[in-house]
Amino acid sequence: MPPRVRFSPSPTGPFHVGGARTALFNWLFARREGGVFLLRNEDTDRERSSDEWLEGILDGLRWLGLDWDEDIVRQSERRDAHLAAADRLVEGGHAYWCDCTREQIDARKGPGGGYDGFCRDRGLGPADDRVVRFRVPDGGSTTVVDVIRESATFDHATIDDFVVVRPGGAPMFVLANVVDDDFQRITHVIRGEEHLSTTPKYLMIRRALGLEGDPVFAHLPLLVNEKRQKLSKRRDKVQLLQYRDEGYLAEAMRNYLALLGWAPRDGEEITTVERMVEQFRLEDVSRAPAFFDERKLQHVNAHYLRELSEAEFAAAARPFVERAVERFDPELFAQVAPLAQTRVKTLAEVPELLAFLFTDAVQFDEASWEKAIARNEWSADVLRDAAAAYVEAAWETEALKDTTLAIGERHGLKLGKAQAPIRVAVTGRTVGPPLFESLEALGREATLARVNEALERI
RNA sequence: GCCCCCAUGGUGUAGCGGUUAGCACGCGAGCCUUUCACGCUCGUAGGGAGAGUUCGAGUCUCUCUGGGGGUGCCA
Numbered sequence: 112m113p114p115r116v117r118f119s120p121s122p123t124g125p126f127h128v129g130g131a132r133t134a135l136f137n138w139l140f141a142r143r144e145g146g147v148f149l150l151r152n153e154d155t156d157r158e159r160s161s162d163e164w165l166e167g168i169l170d171g172l173r174w175l176g177l178d179w180d181e182d183i184v185r186q187s188e189r190r191d192a193h194l195a196a197a198d199r200l201v202e203g204g205h206a207y208w209c210d211c212t213r214e215q216i217d218a219r220k221g222p223g224g225g226y227d228g229f230c231r232d233r234g235l236g237p238a239d240d241r242v243v244r245f246r247v248p249d250g251g252s253t254t255v256v257d258v259i260r261e262s263a264t265f266d267h268a269t270i271d272d273f274v275v276v277r278p279g280g281a282p283m284f285v286l287a288n289v290v291d292d293d294f295q296r297i298t299h300v301i302r303g304e305e306h307l308s309t310t311p312k313y314l315m316i317r318r319a320l321g322l323e324g325d326p327v328f329a330h331l332p333l334l335v336n337e338k339r340q341k342l343s344k345r346r347d348k349v350q351l352l353q354y355r356d357e358g359y360l361a362e363a364m365r366n367y368l369a370l371l372g373w374a375p376r377d378g379e380e381i382t383t384v385e386r387m388v389e390q391f392r393l394e395d396v397s398r399a400p401a402f403f404d405e406r407k408l409q410h411v412n413a414h415y416l417r418e419l420s421e422a423e424f425a426a427a428a429r430p431f432v433e434r435a436v437e438r439f440d441p442e443l444f445a446q447v448a449p450l451a452q453t454r455v456k457t458l459a460e461v462p463e464l465l466a467f468l469f470t471d472a473v474q475f476d477e478a479s480w481e482k483a484i485a486r487n488e489w490s491a492d493v494l495r496d497a498a499a500a501y502v503e504a505a506w507e508t509e510a511l512k513d514t515t516l517a518i519g520e521r522h523g524l525k526l527g528k529a530q531a532p533i534r535v536a537v538t539g540r541t542v543g544p545p546l547f548e549s550l551e552a553l554g555r556e557a558t559l560a561r562v563n564e565a566l567e568r569i
């Protein structure tokens, strides 16, 4: 029997990197084991769920290349099955109707106190304003066996009778989970650690329903922020597709996500998805929470960026540049894009590097101007010589380099020094892509205009 | 409060009773070099604390400490 796993997000907000990591680990496991990767839309909270959020999740999964098998199960359409299970629980004495309000519970146990079992034996029948509570066995305990963290035992005495059906017949998450996992014949439940403490409830419901053959559990370590708290959409940058929009490649994101709580056995952190599938073992997943470190993500992304062919890089970077510069020129861009390839960590950094080629007005960075031009008395001489020599020079990289080299020698300057004022005059900054390649691409006319403009500005 | 989980450099991790505690990110230095990058080389920094088991402990046990998650008529 091939393993069957599921990713079951709740479509109540933008797709989260934590969710993406959970999906990825499920996917890697399924692909590694020749299993089946299923999707379940957990939209039982009708007020908070929407199809638009679901679309965002699907977009994210497609972007990462996480393809799923079989049709997506929509949990809200499984309501009858959930309620039938609740009926069976009540009939079997494993659950009961309860009409306590939060206020009444607080009045009896104090604010924040748990449920005290008040309605356990009142024999209440169904009503729209009543809930169904699971009757937690009085004694004993439930042990969760977990591939990643061995086992965790929970005494029943520490678990209050919990709600399985809300007023109006809305099934709760745990009930729906148990029923649908059984329906989809899920063999391995791979999810975030935040679900570990609800797992005994899951198991108790299974027992009460008489279900046999528990799935294997694997609770993944949480993804946390720099303060070591679980990533939250309120405080942290967690939207998966925001990273795409900021110039990260899907391959890089997928590779980085895999590294959070897991490491390839061969030690090669940056690796192909095929190698990840080959090496993925659930028992190799670590137990400690992992910090989502964007700096390391940047490193991984830069690596993938450099691995692209020049044409692929240009194609990937083009939309970022096109919308950021004054006058986009496709041919010029194709020519200069490779100059940026080893100089950026994300595609979003490409425009600032190349913008000087797609504008009429150079933006001078004042610190650069000061450092390369204003502070050096020889800078005006270099610029004057360049303005003269560039009129006649052959307009290609090597010739421009030789010409500039000669100008430097005349003033006792190495090329590194001599090129600085010219670079600032033409690009506005002391750092940027290789100068002579840039000049060749910019053209003689624009270059001369900028050098002369700088001369006047001194 | 109660329950549960976790603990190797700043970060992600390797190790699975005997290692000079490895790798990667970051950071620092050097080389390369038309700036900046890339690349290469070197360096920086680590098993929370205390007991115990053992000839020997990051690795096993216990206590404590710290962090986190859960404790909903959210998922």
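Residues are numbered in this note's numbering as their position in the first sequence, beginning at 1, plus a constant of 111.
Ideal Cβ placement from N, Cα and C applies to all residues, glycine included.
Values in this document were obtained by computation on a predicted structure and should not be read as measured data.
Buried/exposed call for residue i, threshold 16 Cβ in 10 Å
i	result
SER490	buried
ARG132	buried
GLU503	exposed
HIS522	exposed
GLY539	buried
LYS348	exposed
VAL542	exposed
MET112	exposed
GLY130	buried
GLY572	In the structure as shown, the chain begins at 112 and stops at 569. Residue 572 is therefore absent and cannot be evaluated.
PRO81	The question about residue 81 has no answer here: the residues shown for the chain are numbered 112 through 569.
ASP291	buried
THR558	buried
ARG246	buried
PRO120	buried
ASP249	exposed
LYS312	buried
ARG302	buried
Rounded straight-line distance, which links the Cα of residue j to that of residue i
i	j	result
PHE265	GLU418	50 Å
VAL289	VAL116	13 Å
LEU368	SER397	14 Å
PHE467	VAL455	16 Å
GLU331	ILE533	Per the sequence shown, the amino acid found at residue 331 is Leu instead of Glu. Their backbone Cα atoms lie some 55 Å apart in a straight line.
ALA517	MET364	47 Å
ALA192	ASP325	19 Å
GLU477	ALA425	30 Å
GLU181	PHE148	8 Å
GLN390	GLY146	15 Å
ARG561	THR515	16 Å
THR298	ASP440	55 Å
PHE284	MET387	32 Å
THR453	HIS414	9 Å
PHE469	TRP164	38 Å
ILE575	VAL300	What the structure shows of the chain is the stretch from 112 to 569, and residue 575 is not part of that stretch, so it cannot be assessed.
SER160	GLU460	36 Å
ARG572	GLY378	Residue 572 lies beyond the stretch modelled for the chain, which goes from 112 to 569, so this question has no answer here.
PHE140	LEU150	14 Å
Pick from the options that is closest to residue i, judged by C-alpha positions
i	options	result
VAL256	LEU149, GLU188, LEU314	LEU314
ASP471	ALA451, ALA500, GLU437	GLU437
PHE328	ASP347, ALA319, SER308, LEU320	SER308
SER343	LEU450, PHE126, ALA459	PHE126
THR254	ALA263, THR155, VAL247	ALA263
GLU158	ALA529, ARG185, THR123, PRO462	THR123
HIS410	ALA425, ASP191, PRO430, LEU360	LEU360
GLY279	GLU556, VAL243, ALA422, ASP182	VAL243
ALA427	LEU352, ALA478, ASP356	ASP356
ALA485	ARG246, ALA531, GLU163, GLY221	ALA531
GLU304	GLN340, LEU494, LYS482	GLN340
LEU546	TRP506, ARG143, VAL285, GLN350	TRP506
VAL384	ASP154, PHE118, ASP178, ALA448	ASP178
ALA483	PRO449, ARG189, ILE569	ILE569
Extent of the continuous beta strand (DSSP E) run through residue i
i	result
GLU261	261 to 266
ILE301	299 to 303
ARG277	274 to 277
TYR207	206 to 209
PHE403	PHE403 -> no beta strand (DSSP E), and no H or E assigned at all.
VAL242	242 to 245
Where the alpha helix (DSSP H) through residue i begins and ends
i	result
SER571	The question about residue 571 has no answer, for the chain in this structure spans 112 to 569.
TRP138	128 to 143
HIS330	Taken as a continuous stretch (DSSP letters only), HIS330 belongs to no alpha helix (DSSP H), being part of the beta strand (DSSP E) at 327 to 331.
ASN563	555 to 568
VAL537	526 to 538
*Is the region 330 to 349 touching the region 390 to 408, taking contact as three or more C-beta pairs under 8 Å?*
yes
Validate contact between the region 205 to 215 and the region 228 to 241 using beta carbons, cut 8 Å, 3 pairs
yes
query: Using 8 Å as the threshold, is the region 170 to 184 in touch with the region 198 to 207, meaning 3 or more CB pairs across them?
result: no
Review point. Can we say the region 507 to 514 touches the region 549 to 564, given the rule of at least three CB pairs closer than 8 Å?
Key: yes
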